Amino acid sequence: MSDTPTSSQNVTLGEIFRAFLLIGATSFGGGVVAYLRSSLVSKHAWVDDKQFVELLSISQTLPGLNATNMAVLVGDRLRGGLGAIAAIIGICLPGALLMFVVGVVYSQHGDRPAVTAMLHGVAAAAIGLILATTVQLSQKSLSHLYDLVFVVLTVIGVNLLHQSVPRVLFGVGILAVLWYRPRTGRKEPRR
Amino acid sequence: MNQLPALVRVFAYLSLLTVGGGMAAFPELKTLTVDVHHWLTFPQLIHLYSVGQMAPGPNMMMIVSIGEWVAGIAGAVVVLIAFFLPTALLAFVIGRLWVKLEKWPWRDAIQHGLAPVSIGLLLAGCFTIAKGALTSWIAVVITVVVFTILLRSRINPAFLILGGALIGLVAFGGN
């Protein structure tokens, strides 16, 4: 990949906005990454598979949701800062409007027994979904047995020791990064 | 009382914790919105979060519902900006930098080291929400069945969540 984030393709801001708006409006049921791939790689050919995986790994390392980080990274590569803005607004708009309406409706009818009963089932199913997503992600991104140690340490820190997320993130994170520190040649200065 | 500054503080802070996914921030989301600010109850948070999993787009849009509850349309808009602007700027700046850092030996160390931590944070978020939501054996069964089906097939999860709603209505509806 070249180090300038400009693209030779002439993609307009409107095209970027429309593509991400469509993803934002149709990616029901989570798994937005699959929708991103089929739109950006297969349909529009704005990035190739290798770039997509590379951008996705950046998205996963950085804080922020994969969907919005990918929107920013791809938008930036297509049309710079404005492209990033068009992409993130596009992908967020439909879901935001929908959840605004859901919030209003829920505050009026959320305490009805039938609604509570349904939401009890929805919550249980959603946890199954989130767990499945996490397992699939770990199959892709974990490679060493040691990785499991850091997974377990993180869970213990948050759930059993009740430490705050940033504390665990920095504590275990620094430990893990040092564990996988560059080992070939001389040690790089830490920063 | 004007809650907008508190909304900005809470959601800007939460956004920086979403390493690997929105679920990573869930334990802090629960602490801050339920225990500290009393914007909603834990069951309400679980409900909104689960319904939000069905919504298209980024899967944390339920924050908009919280913003709307606390401060109406202004609250919804403020929460959206507070939650997405910091990480968007970070992705923008680091995304450009990251490509130039290809030769930097610590780049792979950071990427590799943060992968298991982010998985751990997602799991920790799952356990936090499960503690509040899986209060009956039927709920546990729904979770296990959905989990198993999703690992074995390519069905759209939205259908399974709707199925969960139906089973919930039958099982917990009572009267």
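Residue numbers (our numbering), protein chains in the order written: chain A, 1001 to 1191; chain B, 9 to 183. Glycine is no exception: its CB is placed at the ideal position from the N, C-alpha and C atoms. Keep in mind that this is a model prediction, so the values were computed, not measured.
| Rounded C-alpha distance that separates glutamine 11 of chain B from leucine 22 of chain B | 16 angstroms
| Beta-bridge partners of valine 27 of chain B, as assigned by DSSP | A/Pro1063
| query | Starting from isoleucine 139 of chain B and walking both ways along the alpha helix (DSSP H), at which residues does that stretch end? | reply | Note that residue 139 of chain B is lysine in the sequence shown here, rather than isoleucine. Start and end: 113–141.
| message | Between which two residues does the alpha helix (DSSP H) holding serine 58 of chain B run? | response | 50–62
| request: Tell me whether isoleucine 175 of chain B is buried or exposed, calling it buried when 16 or more other Cβ atoms sit within 10 Å of its Cβ. | output: buried
| message | When you compare the CB positions of leucine 1169 of chain A and leucine 129 of chain B, do they come within less than 9 angstroms of one another, or not? | response | yes
| task | Counting only the same chain and skipping the five closest in sequence on each side, list residues whose C-beta sits under 6 angstroms from that of alanine 90 of chain B. | result | Val16, Phe19, Ala20
| message | What would DSSP say about histidine 46 of chain B, mapped onto helix, strand or coil? | response | coil
| said: Between arginine 17 of chain B and chain A, is any beta-carbon pair separated by less than 9 angstroms? | reply: no
| message | Less than 7 angstroms between C-beta atoms, sequence neighbours within five positions excluded: which residues of the same chain meet that for tyrosine 1146 of chain A? | response | Trp1179
| query | Given that a residue counts as buried once 16 or more other Cβ atoms are within 10 Å of its Cβ, and exposed if not, what is leucine 168 of chain B? | reply | buried
| Between aspartate 43 of chain B and chain A, is there a C-beta pair that is closer than 9 angstroms? | no
| message | Here's the rule: buried if 16 or more other CB atoms are within 10 angstroms of the residue's CB, otherwise exposed. What is threonine 1006 of chain A? | response | Because the pLDDT at threonine 1006 of chain A is just 45, under 50, the model does not fix this residue reliably, and the point stays unresolved.
| request: With DSSP as the reference, label arginine 104 of chain B as helix, strand or coil. | output: helix
| Local conformation of glycine 1173 of chain A per DSSP, three classes | helix
| Does any residue of chain A bring its CB to less than 9 angstroms from the CB of histidine 120 of chain B? | yes
| said: Let's test the definition: count the other Cβ atoms within 10 Å of the Cβ of glycine 133 of chain B and tell me whether it reaches 16, buried, or not, exposed. | reply: buried
| Which one of B/Gly172, B/Ile118, B/Pro165 has the shortest CA to CA distance from valine 1172 of chain A? | B/Ile118
| Residue nearest to aspartate 116 of chain B in terms of C-alpha spacing, selected from A/Ile1016, A/Val1122, A/Arg1183 | A/Arg1183
| Exposed unless 16 or more other CB atoms sit within 10 angstroms - verdict on asparagine 183 of chain B | Low confidence applies to asparagine 183 of chain B: its pLDDT is 49, below 50, so where it sits in the model is not reliable, and the reading given next is rough at best. Asparagine 183 of chain B comes out exposed.
| Is there contact here, the segment 1112–1126 of chain A with the segment 54–65 of chain B, by at least three beta-carbon pairs under 8 angstroms? | yes
| request: For the segment 53–73 of chain B, enumerate the residues whose C-beta is nearer than 9 angstroms to any C-beta of chain A, in chain order. | output: Ile54, His55, Leu56, Tyr57, Ser58, Val59, Gly60, Gln61, Met62, Ala63, Pro64, Gly65, Pro66, Asn67, Met68, Met69, Met70, Ile71, Val72, Ser73
| message | Counting only Cβ pairs nearer than 9 angstroms, list the residues of chain B close to proline 1032 of chain A. | response | Correcting the residue type first, residue 1032 of chain A is valine in the shown sequence and not proline. Result: Pro64, Gly65, Pro66, Asn67.
| request: Step through the CB atoms of chain B and report whether any lies within less than 9 angstroms of the CB of valine 1122 of chain A. | output: yes
| task | Can you say whether isoleucine 1016 of chain A is buried or exposed, counting buried as having 16 or more other CB atoms within 10 angstroms of its CB? | result | buried
| Closer than 9 angstroms, CB to CB, is phenylalanine 50 of chain B near chain E or not? | Considering every chain present, this structure includes no chain E. Its protein chains are A and B.
| request: Apply the 10 Å Cβ neighbour rule to proline 1113 of chain A and answer buried if 16 or more other Cβ atoms are within range, or exposed otherwise. | output: exposed
| Is tryptophan 145 of chain B buried or exposed, if buried means 16 or more other CB atoms sit within 10 Å of its CB? | exposed
| message | Considering just the uninterrupted stretch of the alpha helix (DSSP H) at glycine 181 of chain B, what are its terminal residues? | response | Unbroken run through glycine 181 of chain B: none, as it is neither H nor E.
| query | What's the gap between the Cα of glycine 962 of chain A and the Cα of valine 87 of chain B? | reply | Within the shown structure, residues of chain A are numbered from 1001 to 1191, placing residue 962 of chain A beyond reach of any answer.
| Taking a cut of 7 angstroms between CB atoms, which residues from the segment 80–93 of chain B lie near chain A? | Ala84, Leu88, Phe92
| Minimum Cβ-Cβ distance from alanine 14 of chain B to chain A less than 9 angstroms | no
| request: List the residues of chain B whose Cβ lies closer than 8 angstroms to the Cβ of tryptophan 1179 of chain A, in chain order. | output: Gly121
| Outcome for lysine 108 of chain B when other beta-carbon atoms lying within 10 angstroms are tallied against a minimum of 16 | exposed
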